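Count along the sequence shown from 1, then add 42; that gives the number in this note's numbering.
Yeah, the Cβ is synthetic: ideal placement off N, Cα and C, and Gly gets one too.
Values in this document were obtained by computation on a predicted structure and should not be read as measured data.
Input: a single structure, listed below in structure tokens.
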Amino acid sequence: MTNYETVSSKDALGQKIGCITLTKQFYEKNNITNRGNKTLPISFTEFQGLPVQYMNQVHGTSMEEIKEFSDEPISNTDALFTKSNKVSLAIMSADCLPIALANAAGTEIALLHAGWRGLSAGIIQQSLRKFNLENNDLRAWLAPCISQDKYEVGKDVYKTFMDLDEESEKNFKQVNSEKWMFDLKAEATRVLKSFKVEVSQSNFCTYTDEDLFYSYRRNKTDERVLTLLWRKNV
Numbered sequence: 043m044t045n046y047e048t049v050s051s052k053d054a055l056g057q058k059i060g061c062i063t064l065t066k067q068f069y070e071k072n073n074i075t076n077r078g079n080k081t082l083p084i085s086f087t088e089f090q091g092l093p094v095q096y097m098n099q100v101h102g103t104s105m106e107e108i109k110e111f112s113d114e115p116i117s118n119t120d121a122l123f124t125k126s127n128k129v130s131l132a133i134m135s136a137d138c139l140p141i142a143l144a145n146a147a148g149t150e151i152a153l154l155h156a157g158w159r160g161l162s163a164g165i166i167q168q169s170l171r172k173f174n175l176e177n178n179d180l181r182a183w184l185a186p187c188i189s190q191d192k193y194e195v196g197k198d199v200y201k202t203f204m205d206l207d208e209e210s211e212k213n214f215k216q217v218n219s220e221k222w223m224f225d226l227k228a229e230a231t232r233v234l235k236s237f238k239v240e241v242s243q244s245n246f247c248t249y250t251d252e253d254l255f256y257s258y259r260r261n262k263t264d265e266r267v268l269t270l271l272w273r274k275n276v
């Protein structure tokens, strides 16, 4: 078993920003119960002294600005944005891609839940509008998600992306006339870089690294790991 309790962005988002994915091993060591409930999967409400802000994810593009912590998960939302240093933003995932964004000053952060539906619907573009893009100085970290070799999609997904932007084709590998393997991280990176966002990423796969992560594609689980993003008080 690989000894990873957390997967960290390190300083990819700057020294004023913290961002980690809590693995199954973290849950086990800290006796955190994963209840298998998609709305609020674990009994985990605080990290680094900050309350954890959840949301009810729906594979859409809606972003909510968090000005103060809410005990209730933010409804029908797949992205959270804040300027506050008094809350930790959270995303639940079991194959989809969590995307962390921050400006260079470390004063604005956002956390996005991106599967193929969110990417094709423009969740990245929608979320970037919350930032001041005039300085072109944003950073992104792509947390663990399913790898291309394990993410098979159908013609409908392939056609959706081709109809939007044929540049997406480089991130698909054709299996046959009906099936493709899709690279979530590469497509997200392509979009982010088109807005001059500096991109870093983890190299884990939620499907193959089964000691660390849950994977819906692997076994249809309702369990989720958490990615957390917060502003450090430095």
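- Taking the Cβ atoms as the reference, Val100 lies roughly 21 Å from Asn76, outside the contact range of under 8 Å.
- A residue is called buried once 16 or more other Cβ atoms fall within 10 Å of its Cβ, and Leu92 is buried on that count.
- Assigned with DSSP and collapsed to three states, Thr202 falls in helix.
- Within a 10 Å sphere around the beta-carbon of Gln95 sit 16 or more other beta-carbons, which makes this residue buried.
- In this structure, Arg181 sits near Leu55, with a CB-CB distance shorter than 7 Å.
- Annotated three-state conformation of Gln216 is strand, per DSSP.
- Note that the C-beta distance between Asn213 and Ala230 is not below 7 Å.
- Assigned with DSSP and collapsed to three states, Gln99 falls in coil, not helix or strand.
- By the Cβ-count criterion, Leu206 is exposed, with fewer than 16 other Cβ atoms from all chains shown falling within 10 Å of its own Cβ.
- Here Ala147 is exposed, its C-beta having fewer than 16 other C-beta atoms within 10 Å.
- Between Ser162 and the set Lys235, Ala144, Thr103 and Glu47, the nearest pair of CA atoms involves Thr103.
- The distance from the Cβ of Leu268 to that of Gln67 is about 13 Å, inconsistent with a contact at the 8 Å cut-off.
- Counting along the chain, no beta strand (DSSP E) covers Gly160; the unbroken alpha helix (DSSP H) around it starts and ends at Trp158 to Ala163.
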